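Undergrad: Here UniProt numbering is used: the first residue of the sequence shown is 1, the next is one more, and so on. Backbone N, C-alpha and C fix where the C-beta goes; we use that ideal spot for every residue, glycine too. Please read all numbers here as calculations on a predicted model, not as lab measurements.
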Amino acid sequence: MAKFLFVTDLDNTFVGDDKALLDLKDRLEQSRQEYGSKIVYATGRSPLLYQQIKDEKNLLEPDALILSVGTEIYLDGSDTPDSEWSEKLSSGWNRELLVSTTTGFPELVPQPDSEQRPFKVSFLLQEDVAQRVLPQLESELQKSGLDVKLIYSSGIDLDIVPSGSDKGQAVQFLRQKWKFVAEVTVVCGDSGNDIALFSVGSERGIIVGNARPELLQWYNQNPADYRYLATNFCAGGILEGLKHFGFLE
Ligand code: GLC
Ligand code: MG
């Protein structure tokens with residue numbers, strides 16, 4: 001057993017099976033204390049919604065937090081986003097122009113105010129129209145000269161963020177800061193906004209057994225021996241994957 005960097009999505013990945021979560025939390029805390037492993041949550045949630053799930057599920061204090069689909073990084077319990085990361089994202093980002101470009105699309109229903117963030121504009125978009133709307137929206141945004149990325153998850157959530165940000169790029173930032181190589185970095189997820197975690201490099205990837213079709217489809221098209229599709233759901237699937245890669249016994 002050795003030191004590793006553990007990165008996990010929260011909803012339907014780390015959280016979703018309370019019993020397995022208790023076991024996983026114990027094992028992670030032990031690895032952190034014994035070997036100096038680091039624990040990072042990478043979620044689409046805003047600070048407000050993160051605090052809710054943290055309290056509700058009594059989550060371990062993370063060593064860093066990636067919120068708002070990778071557009072905000074919080075280090076060592078700080079409640080101010082890392083400024084180096086924010087500065088990197090602000091170049092070329094024009095939130096007002098972005099919002100005004102989206103008003104031409106009645107299918108886009110804005111998410112609650114708490115989920116609209118400095119570098120993230122989020123909507124609900126029904127799955128049956130998404131295939132038609134997303135390419136049109138992408139081309140309108142391009143015409144406006146916006147360098148952004150569309151991230152569609154769970155057949156409903158659409159996030160628009162700067163092209164230089166997503167969960168995967170945020171993990172690269174932490175890896176470099178803390179000097180963890182990809183071989184000892186484990187990323188876990190279940191849905192569309194987690195694809196970036198798996199596609200950014202050769203990190204060890206755990207796809208939980210309850211993964212959404214969009215992630216399974218991506219996994220089937222991008223097989224690699226450093227990605228593991230678990231049988232068990234949520235924290236149970238993570239435990240299974242950590243054993244598979246030899247990070248836990
Ligand atoms: C979380 C966020 C939401 C986002 C979704 C997918 O649910 O609250 O804003 O769209 O994750 O990233
Ligand atoms: Mg999830």
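Quick check: the Cα distance between K3 and V109, rounded to an integer number of angstroms?
TA: Rounded to the nearest angstrom, the two C-alpha atoms are 43 Å apart.
Undergrad: Can you confirm whether the stretch 87-106 touches the stretch 136-156 when touching is taken to mean that 3 or more C-beta pairs between the two stretches lie within less than 8 Å?
TA: With the cut-off at 8 Å, the stretch 136-156 and the stretch 87-106 touch.
Undergrad: Which residues mark the beginning and the end of the beta strand (DSSP E) in which A64 is found?
TA: Here the beta strand (DSSP E) through A64 covers 64-67.
Undergrad: Tell me which residues share the same chain as G246 and place their Cβ nearer than 6 Å to its Cβ, disregarding the 5 neighbours each side in the sequence.
TA: Cβ neighbours of G246 beyond the five flanking positions: none.
Undergrad: Thinking G70 and D157 are a contact (beta carbons under 8 Å), I'd like their distance in whole angstroms, please.
TA: About 14 Å separates the two Cβ atoms, so there is no contact after all.
Undergrad: Skipping 5 residues on each side, what residues in its chain have a beta carbon closer than 7 Å to that of D17?
TA: Excluding sequence neighbours, D17 sits near F233, C234, A235, G236.
Undergrad: Can you tell me the Cα-Cα spacing of L60 and L28, whole angstroms?
TA: Using only the alpha carbons, I get a separation of about 9 Å.
Undergrad: Using 7 Å as the cut-off, classify the Cβ of G189 as near or not near the heavy atoms of the ligand MG, replying yes or no.
TA: Within the cutoff, so yes.
Undergrad: Drop a sphere of 10 angstroms on the beta-carbon of Y35, count the other beta-carbons inside from all chains shown, and report buried for 16 or more, exposed for fewer.
TA: Flag for Y35 reads exposed.
Undergrad: With DSSP as the reference, please indicate the residues paired to Y152 in a beta bridge.
TA: Looking at the DSSP assignment, Y152 forms a beta bridge with L158.
Undergrad: Would you identify the three-state DSSP class for A224, choosing helix, strand or coil?
TA: Residue state, collapsed to three classes: coil.
Undergrad: Just to check my reading of the structure: Y228 and I206 have Cβ atoms closer than 8 Å, yes? What is that Cβ distance to the nearest angstrom?
TA: Confirmed, about 5 Å.
Undergrad: Kindly indicate if chain B contains any beta-carbon less than 8 Å away from that of K38.
TA: The structure shown contains no chain B; it holds only a single protein chain.
Undergrad: For the stretch 193-211 against the stretch 161-180, are there 3 or more C-beta pairs whose distance is under 8 Å?
TA: The answer is yes - the stretch 161-180 touches the stretch 193-211, with three or more Cβ pairs under 8 Å.
Undergrad: Give the straight-line distance between the Cα atoms of Q126 and I160, rounded to the nearest whole angstrom.
TA: The straight-line gap from Cα to Cα measures roughly 16 Å.
Undergrad: Given F173, which residues of its chain have a CB within under 7 Å of its CB, disregarding the five upstream and five downstream residues?
TA: Around F173: I73, W85.
Undergrad: Taking Cβ positions, are V7 and V171 nearer each other than 8 Å?
TA: Contact flag set, yes.
Undergrad: Hey, L24 and L239 are a contact pair by Cβ (cut 8 Å); roughly how many whole angstroms apart?
TA: About 6 Å separates the two Cβ atoms, so the contact holds.
Undergrad: For F105, name the three-state secondary structure that DSSP assigns.
TA: F105 falls in the coil class under three-state DSSP.
Undergrad: For K120, name the three-state secondary structure that DSSP assigns.
TA: Three-state DSSP puts K120 in a strand.
Undergrad: Below 7 Å, is the gap between the Cβ of R45 and the nearest heavy atom of the ligand GLC?
TA: Flag set: Cβ of R45 near the ligand GLC.
Undergrad: State yes or no: is the C-beta of E138 within less than 8 Å of the C-beta of L150?
TA: Contact flag set, yes.
Undergrad: Could you tell me if the beta carbon of I53 falls within a distance shorter than 7 Å of some heavy atom in the ligand GLC?
TA: Not so, every heavy atom of the ligand GLC lies at least 7 Å from the Cβ.
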